[in-house]
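A short write-up of the structure that comes next.
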Amino acid sequence: MIAVFSNKEDCCGCSACQQVCTKNAIMMKPDEEGFLYPEIDKSRCVACGRCTDSCPVIRKGNFKESDTPRFYVARHHSQEVLRQSTSGGVFTAISDAILRQNGVIYGADYDKDFHVLHQRAQTPEQRDRMRISKYVQSDMGNTYAQIKADLKKGRMVLFTGTPCQAAGLRGFIGSSPLIDRLYICDLICHSIPSPLIWEEYKGVLEREKGGKLVHVQFRSKKDGWSRANSNKGFLFATDKSPKIQADDRFYQLFFQVGAITRPSCSQCRFTDIHRASDLTIADYWGIEKYSPEWFDPLGVSVIIVNSPKGTDLLEQCRQDLSMEERPKEESLKEQKRLSEPSPFPENRTLFWEDYKRFGFDYVIGKIE
Ligand SMILES: Cc1cc2nc3c(=O)[nH]c(=O)nc-3n(C[C@H](O)[C@H](O)[C@H](O)COP(=O)(O)OP(=O)(O)OC[C@H]3O[C@@H](n4cnc5c(N)ncnc54)[C@H](O)[C@@H]3O)c2cc1C
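This is the structure:
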């Protein structure tokens with residue numbers, strides 16, 4: 013039997029290994045922190061090595077492009093799109109370009125209970141649900157397999173997700189010619205929080221306010237788009253308390269305490285300018301210093317073009333985006349996750365010990 017990983021730091025949870033296994037020998041199971049890891053059924057495993065070959069962490073080069081990337085500042089023309097997007101609305105522009113060609117979009121969505129999971133969209137309405145960053149690790153389900161099925165039917169596909177999910181998709185698809193119709197867009201990613209802590213947090217909001225959550229939103233632009241506002245502004249409402257309210261305790265656990273992110277994030281293999289995607293999108297932090305005329309309180313994006321396919325996709329967005337090429341040094345200076353992973357805080361172990369012994373109310377109570 014094969015070992016897909018030996019240390020938790022070596023598994024990003026993308027699920028490429030599980031989806032590529034033709035013997036259904038791998039299941040993704042949550043650990044005590046709520047992160048999914050592959051578990052191998054020894055009786056089914058034939059040690060074919062497909063799982064390790066597709067693993068974006070094990071695989072030398074991590075499926076990254078070797079071309080020198082180009083950096084752009086960009087902003088959607090529509091103020092409405094900017095309001096409904098996390099940054100400068102680039103995801104909407106690139107996904108519209110694919111939808112115009114009868115393509116299919118895959119991205120992070122919520123189910124009815126606000127679990128975060130990857131879904132498939134064929135219409136702008138379905139795609140709109142994928143807008144706005146969700147700071148929780150998304151369950152990939154059988155997304156890669158669905159993408160392959162769409163590509164085999166001749167559909168054009170856009171996948172969006174974290175850098176490790178993007179690399180997992182590359183590992184899953186391999187060198188198949190199907191990749192010609194596949195566009196991959198990743199995000200510059202700080203790190204990814206625990207789905208279990210997200211469940212606990214939703215439970216606290218529902219108990220405190222009464223009722224069931226009917227609305228949640230990370231990264232609202234209620235106080236404008238800026239780096240200072242990027243780790244606050246979480247909004248929610250319940251059916252018993254429908255007025256939209258703000259609560260930043262999840263963000264505090266994520267950014268200030270820093271203890272709720274996946275172990276592999278502390279040794280992320282994807283924090284450099286060579287990416288396993290065609291395009292990389294993120295916030296254009298610092299644009300007000302480098303080119304103030306580009307600043308917009310509704311949001312501005314950086315786009316990193318990593319491949320000829322990325323250039324091609326961006327060309328198809330010209331009708332929706334204002335953009336300009338910029339020096340890469342600006343983003344390298346402002347975006348730490350283009351050069352190094354997010355380190356674990358010293359108190360990570362203590363946080364999880366406290367959580368296991370005393371429960372979530374105790375650990376969240378400590379930050380109030
Ligand atoms: C966990 C996380 C960490 C991030 N860290 C940084 C950072 O350090 N620096 C930075 O500049 N930008 C970061 N971003 C990216 C930023 O928040 C925006 O997602 C990005 O700029 C796209 O904005 P937009 O306006 O083009 O798209 P929007 O219209 O807001 O669309 C959001 C896009 O993000 C994807 N997405 C949302 N949530 C998830 C998720 N949980 N998992 C996978 N994909 C998801 C959706 O599929 C969609 O493509 C992060 C995003 C996430 C989800």
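According to the numbering used here, the stretch in the sequence shown is residues 13 to 380, in order. Ideal Cβ placement from N, Cα and C applies to all residues, glycine included.
How far does the beta strand (DSSP E) with residue 324 in it reach, from first residue to last?
That residue, residue 324, is in no beta strand (DSSP E); its alpha helix (DSSP H) goes 320 to 327.
Assigned exposure category for residue 374 - 16 Cβ within 10 Å defines buried:
It is exposed - the Cβ of residue 374 has fewer than 16 other Cβ atoms within 10 Å.
Cα-Cα separation between residue 278 and residue 21, rounded to whole angstroms:
Residue 278 and residue 21: Cα-Cα distance of roughly 7 Å.
Cβ of residue 261 within 7 Å of any heavy atom in ligand 1?
no
Using a Cβ-Cβ cut-off of 8 Å (strictly less than) and excluding sequence neighbours within five positions of residue 141, which residues of its own chain qualify?
Sequence-distant partners of residue 141 (beyond 5 residues in either direction) whose C-beta falls short of 8 Å from its own C-beta, in its chain, are 121, 122, 131, 133.
Own chain residues within Cβ distance below 6 Å of residue 356, not counting five before or after:
278
Apart from the five residues just before and just after residue 162, which ones in its own chain have a Cβ nearer than 6 Å to its Cβ?
Same-chain partners within the cutoff: 116, 169.
Are three or more beta carbon pairs between the segment 182 to 196 and the segment 58 to 72 nearer than 8 Å?
yes
Can you determine whether any heavy atom of ligand 1 sits closer than 7 Å to the C-beta of residue 223, and answer yes or no?
no
DSSP has residue 249 in a bridge; who is on the other side?
227
Heavy atom of ligand 1 within 7 Å of residue 38 beta-carbon
no
Using a Cβ-based criterion (distance less than 7 Å to any ligand heavy atom), does residue 295 qualify as near ligand 1?
yes
Residue 203 bridges to which residues according to DSSP?
Note: residue 203 sits in no beta bridge, so no partner.
Output needed for residue 101: all residues of its chain with C-beta closer than 6 Å, excluding positions within five of it in sequence on either side, in chain order.
88, 93, 94
For my contact list, residue 318 and residue 351 are in at a C-beta cut-off of 8 Å; report their separation, rounded to the angstrom.
Not really, about 16 Å apart at Cβ, beyond 8 Å.
CB contact flag (residue 214, residue 225, <8 Å)
yes
Within its chain, find whatever has a CB closer than 6 Å to the CB of residue 205; leave out the 5 residues flanking it on each side and keep chain order.
Excluding residues within five positions, the ones whose Cβ falls inside 6 Å are 147, 148, 266, 272, 273.
DSSP state of residue 52 mapped onto helix, strand, coil:
strand
Hey, could you find the ends of the beta strand (DSSP E) residue 292 is sitting in?
291 to 295
Identify which residue in 84, 261, 258 has its Cα closest to the Cα of residue 330.
Ranked by Cα distance from residue 330, the first of 84, 261, 258 is 84.
Assuming contact is defined by CB atoms lying nearer than 8 Å, are residue 248 and residue 208 in contact in what I supplied?
no
Following the continuous beta strand (DSSP E) through residue 131, name the residue where it begins and the one where it ends.
128 to 133
Kindly examine ligand 1 and report whether one of its heavy atoms sits closer than 7 Å to the Cβ of residue 370.
Taking non-hydrogen atoms of ligand 1 into account, the C-beta of residue 370 is found less than 7 Å away from none of them.
For ligand 1, is there a heavy atom less than 7 Å away from the beta-carbon of residue 103?
yes
Closer than 7 Å: residue 347 CB and nearest ligand 1 heavy atom
yes
Just the Cα atoms here: how many angstroms apart are residue 325 and residue 291?
9 Å
For a test of your reading of the model: does the CB of residue 134 fall under 7 Å from any non-hydrogen atom of ligand 1? Yes or no.
The answer is no for residue 134.
Over what stretch of residues does the beta strand (DSSP E) that includes residue 121 continue unbroken?
Element bounds for residue 121: 116 to 122.
Excluding the 5 residues preceding and the 5 following residue 79 in the sequence, name in chain order all residues of the same chain whose CB lies nearer than 7 Å to its CB.
318, 319
So, does the segment 228 to 237 touch the segment 297 to 314, judging by three or more C-beta pairs under 8 Å?
yes
Let me check one thing: in DSSP terms, what residues is residue 71 bridge-paired to?
BP columns for residue 71 are empty, so no partner.
CB-CB length for residue 370 against residue 269, believed under 8 Å
Cβ atoms of residue 370 and residue 269 stay farther apart than 8 Å, at about 15 Å.
Among 158, 143, 138, the one whose alpha carbon lies nearest that of residue 32:
158
Along the alpha helix (DSSP H) that carries residue 147, what are the first and last residues, could you check?
Run containing residue 147: none; DSSP gives neither H nor E here.
What's the call for residue 377, buried or exposed, on a 16-neighbour Cβ count within 10 Å?
exposed
Am I right that residue 231 and residue 315 are in contact with their C-beta atoms under 8 Å? What's the rounded C-beta distance?
At roughly 18 Å, the Cβ-Cβ gap does not stay under 8 Å, so residue 231 and residue 315 are not in contact.
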